[in-house]
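For the sequence shown, the numbering used here assigns the number 398 to the initial residue and increments by one for each residue that follows.
Using N, Cα and C, we set each Cβ at its ideal position, and we do this for glycine too.
Input: a single structure, listed below in structure tokens.
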Amino acid sequence: MMWKGRFSEQTAELVVKYTESISYDRRLYAYDIAGSIAHARAQVGAGTLSQDEFELIEAGLLSIKESIEAGEFTWSKELEDVHMNIESELTKRIGPVGAKLHAARSRNDQVATDTRLYTREACEVILDELKNLQTALVEKATEYQEVVMPGYTHLQRGQPVSMAHHLLAYVEMLERDAQRLAQAKTRLNISPLGSGALAGSTICLDREQVAHELGFDSVSQNSMDAIADRDYILEVLFDISLIGAHLSRLSEDLILWSSAEFGFVVLADAHTTGSSLMPQKKNPDIAEITRGKTGRLYGNLMAVLTAVKGLPLTYNRDLQEDKEPLFDAVDTIVMALAVNAEQMRGMTVMKERCLIAASDSMLLATDLADYLVREGVAFRDAHEIVGSAVAIAIEQGIELSSLPQTTWAELHPVLDKDLSFIFNLKAALEARDNPGAPAPKQVAIQLARWQTALSE
Ligand code: ARG
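Spelled out as structure tokens, the structure:
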């Protein structure tokens, strides 16, 4: 780059390579062009461009857009970034009028505008993908609504739940993710254009008009904040990181469930890979890669969070480091959500295996304690009594439900009876009949709620 005016020497080649952003910020071209057209139109109002000049600029910018989309545009590292590449090409195409475009504007408010527009659209794409995965989870939950399985804490069998209840837990998580992104999108939809390099401009354009044309809800209220602010990027990077956390937890469940030890699900051949060595292997690679990619999502958040730390107001070139992590996070999460939805749709639940695992009568130890409570025993005492029964069953190597009545009688007189009504899995699940609990009736209410919500 030869900066005209005060520079008499070319930028060193190594510096060009080190400082360019065109290799990645070129993907902002459409936002950059939309922003430039809105800015040029506002210049007509301010009297710094004639209507004819505006039309020339607009046509020039649109022709550049066409060339870019046809793959016929040559990007130049010497021109550093997307903003200067497009501006310089404009002047090449339409002559000296092109050089009028950048009045009352700086690359600082330009890059802030472009990035906000990009992030706004990225939020929309991620929101669509979140909904798609939620829909896939609800479909699968509906398909296997009847399947009972153990619910775990500490990865130890806890109490009975249903596959639908477990899958719907993820739908809830993804719903919070969607709410967060929708809020972030509303918060970021503010136009920084007109903030100039940092202190606005002596040429006062109609900022509201520009904002309106670009679909922003309002204009920023402090030019210095508008130039320095990258909060919206950080917010979205956090929101994406948390989606990553949720996907990695789902992945871990699927990895466990598809193992021989659990055998609760079978993933489709199309969504698994073999081993180059072990012929019997069928590996849950989507789940593992998803779990692994969560690390880079966190890394992207940390990179930008660290880049803004301690930066003095307003623009500092450090801020150029915001874009690659943002693009990478968006690309990664969009793909992860799409592939996880596809994997979920292709998953088969092994009902029998789930039922066998859920038929461990230990899962109903709490139910037995609850029964004692209903018969007037204090819960702590009930807990101890049932705990002793569990110890005896383990020692004798038998099911809790198979303890002889004489043993129950010794533990507590109330238990001196046929307890098979307690050790009835179906009844035990049905008894968990409070909103949010896994009784089939409650799960059906939740499924209906989600089916309606997601079809809107
Ligand atoms: N490529 C720069 C970025 O991404 C654009 C803004 C450059 N502004 C400047 N004053 N050098 O941040």
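Classification of residue i by the beta-carbon crowding that lies within 10 angstroms, buried from 16 upward
i           : result
residue 412 : exposed
residue 751 : buried
residue 843 : buried
residue 551 : exposed
residue 803 : exposed
residue 502 : buried
residue 688 : buried
residue 424 : exposed
residue 415 : exposed
residue 677 : exposed
residue 764 : buried
residue 544 : buried
residue 522 : exposed
residue 795 : exposed
residue 404 : exposed
residue 468 : exposed
residue 437 : buried
residue 797 : buried
residue 547 : buried
residue 771 : exposed
residue 829 : buried
residue 526 : buried
residue 788 : exposed
CB-CB length for residue i against residue j, believed under 8 Å
i           : j           : result
residue 730 : residue 640 : 6 Å
residue 419 : residue 482 : 6 Å
residue 840 : residue 542 : 7 Å
residue 538 : residue 561 : 4 Å
residue 719 : residue 584 : With 8 Å as the limit, residue 719 and residue 584 do not qualify as a contact, their Cβ atoms being about 17 Å apart.
residue 592 : residue 637 : Their Cβ separation, rounded to whole angstroms, is 27 Å, which puts residue 592 and residue 637 out of contact at 8 Å.
residue 588 : residue 604 : 7 Å
residue 595 : residue 711 : 4 Å
residue 669 : residue 681 : 6 Å
residue 497 : residue 446 : 6 Å
Cβ-based neighbour list, residue i, same chain, cut-off 6 Å, excluding 5 preceding and 5 following
i           : result
residue 529 : 738
residue 768 : 819
residue 717 : 418
residue 723 : 630
residue 457 : 487, 490 and 491
residue 727 : 519
residue 606 : 439
residue 428 : 511, 514 and 515
residue 742 : 533
residue 608 : 588 and 616
Minimum C-alpha distance to residue i - residue among the options
i           : options               : result
residue 694 : 643, 446 and 407      : 643
residue 721 : 736, 422, 691 and 635 : 422
residue 490 : 671, 506 and 464      : 464
residue 745 : 790, 759, 809 and 662 : 662
residue 665 : 674, 659, 572 and 655 : 655
residue 749 : 559, 570 and 681      : 559
residue 696 : 823, 815, 852 and 635 : 635
residue 667 : 439, 683, 450 and 676 : 683
residue 845 : 577, 450, 516 and 536 : 536
residue 567 : 534, 613 and 773      : 534
residue 586 : 563, 569 and 514      : 514
residue 510 : 522, 480 and 646      : 480
residue 734 : 811, 686, 407 and 504 : 686
residue 825 : 757, 438 and 475      : 757
residue 815 : 799, 827 and 828      : 799
residue 775 : 809, 753, 742 and 755 : 809
residue 658 : 779, 431, 754 and 822 : 754
residue 617 : 506, 833, 429 and 472 : 506
residue 493 : 787, 622, 612 and 453 : 453
residue 852 : 531, 472, 431 and 444 : 531
residue 645 : 570, 455 and 838      : 570
residue 760 : 674, 784 and 451      : 784
residue 611 : 790, 430, 833 and 788 : 430
residue 847 : 564, 400 and 674      : 564
residue 790 : 740, 833, 402 and 805 : 805
residue 740 : 647, 777, 508 and 473 : 647
Cβ neighbours of residue i in the same chain (closer than 7 Å, five flanking residues each side left out)
i           : result
residue 715 : 704 and 708
residue 524 : 575, 578 and 579
residue 620 : 592, 593, 595, 596 and 597
residue 517 : 582, 585 and 586
Cβ-based neighbour list, residue i, same chain, cut-off 8 Å, excluding 5 preceding and 5 following
i           : result
residue 631 : 698, 701, 702 and 705
residue 499 : 484
residue 782 : 766, 769, 774, 808, 809 and 812
residue 827 : 836, 837 and 838
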